[in-house]
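To start, the structure under review is shown below, and the notes come after it.
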Amino acid sequence: MEIKQVEGKDIGTIMLYALSTCPWCKKTKALLNSLNVKYSYVDVDLLTDDEEQSVEEELSHWTNQLAFPALIINNEKLLSGLKNRKLEKLWSQWAHERIHD
Amino acid sequence: MREFTTEEIRQSYESLKAKTEKSGYLLNPDEEFTLGIVESLLTNMERYGYPLCPCRLTSGSREADLDIICPCDYRDPDLAEYGRCYCALYVARDATPEQLNGSIPERRPKNPAQESKEVTIPIWRCPVCGYLCARQNPPEVCPICGASGDRFERFNSIVKLE
């Protein structure tokens with residue numbers, strides 16, 4: 518599976534599962550880009566069936582509801598990207614603390 | 153995958169907007185955001201042959217995706233409860249900026265095809281034109297004559313096997 522890497526400041530492992538068509542996923546990518554942090558992402562709707570299944574399996578460890586964008590931070594927590602203000606705040610705080618270290 | 157021109161996207165947006173408003177619904181007033189969703193709908197139309205919800209993953213066939221073809225089965229309950237649909241393409245008349253920015257939970261059952269149960273659905277009647285519809289709540293406005301949803305009267309109910 519081709520996981521795309523975006524270069525930037527390394528503040529931890531940031532993995533974004535997105536849909537290429539989803540406006541909220543685009544917003545999440547734009548936010549990550551504007552923070553200039555290093556992250557990886559995959560557009561799940563562009564994967565083959567087998568690859569898609571492995572993503573579903575991976576995400577099932579984190580949530581029982583397949584929803585995008587799904588942002589996994591340092592392999593330890595899942596944020597549903599920009600769709601939730603509380604999560605957005607939490608994520609921004611986390612990112613800013615590390616960016617300004 | 154073919155790219156759509158600005159004119160194609162604009163044209164599709166204008167026609168969706170007209171159709172939407174004619175039936176008493178509203179598109180998200182953030183035009184840039186809405187044009188983006190329209191582009192995604194065009195992409196999905198080309199990719200799958202039907203306008204799959206841009207915020208959801210296909211289940212692999214039209215039959216399995218029937219409930220998430222835009223406008224999806226969950227639009228109206230989401231408009232009533234959260235002021236917007238799952239993607240925020242459609243918005244309620246009284247939607248607040250917070251509602252349009254925040255997230256809403258996925259209403260779609262995890263395995264829609266596997267759940268089989270009887271569901272009672274109320275029937276609503278427009279007192280102005282007599283339009284009947286079977287749904288949990290009346291529409292915001294009558295799609296036929298434009299009467300406001302609060303004027304609808306509960307008529308009866310039907311039982312549907314899901």
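Protein chains in written order, with the working numbering: chain A, 518 to 618; chain B, 153 to 314. All C-beta atoms, glycine included, are put in the ideal place defined by N, C-alpha and C. These numbers come from a predicted model, not from an experiment.
Within chain A, partners of residue i - CB distance below 7 Å
i             : result
residue 189/B : 540
residue 195/B : 538
residue 239/B : 540
Beta-carbon gap between residue i and residue j smaller than 8 Å
i             : j             : result
residue 557/A : residue 528/A : no
residue 292/B : residue 298/B : no
residue 560/A : residue 587/A : no
residue 221/B : residue 203/B : yes
residue 226/B : residue 210/B : no
residue 168/B : residue 242/B : no
Partners in chain B for residue i, counting only beta-carbon separations shorter than 7 Å
i             : result
residue 583/A : 209
8 Å Cβ cut-off: residues of chain A touching residue i
i             : result
residue 185/B : 540
residue 206/B : 536, 538, 539, 540
Counted within 10 angstroms of its Cβ, other Cβ atoms place residue i as buried (16 or more) or exposed
i             : result
residue 195/B : buried
residue 212/B : exposed
residue 257/B : exposed
residue 566/A : exposed
residue 309/B : exposed
residue 313/B : exposed
residue 284/B : exposed
residue 530/A : exposed
residue 236/B : buried
residue 281/B : exposed
Contact list for residue i against chain B, beta-carbon separation under 9 Å
i             : result
residue 561/A : 209
Chain A residues whose Cβ lies nearer than 9 Å to that of residue i
i             : result
residue 258/B : 582, 583, 584
residue 164/B : Chain A residues near residue 164/B: none, gap ~14 Å exceeds 9 Å.
Per-residue contacts from residue i into chain B (C-beta, under 8 Å)
i             : result
residue 543/A : 188
Examine the Cβ distances between the stretch 571 to 581 of chain A and the stretch 243 to 261 of chain B and report whether three or more of them are shorter than 8 Å. no
Scan the stretch 212 to 230 of chain B for residues whose Cβ lies nearer than 7 Å to a Cβ of chain A and list them as they occur along the chain. none
In chain order, what residues of the stretch 269 to 293 of chain B put their CB closer than 7 Å to some CB of chain A? none
Specify whether the stretch 179 to 190 of chain B and the stretch 537 to 555 of chain A touch according to this definition: at least 3 beta carbon pairs, one from each stretch, less than 8 Å apart. yes
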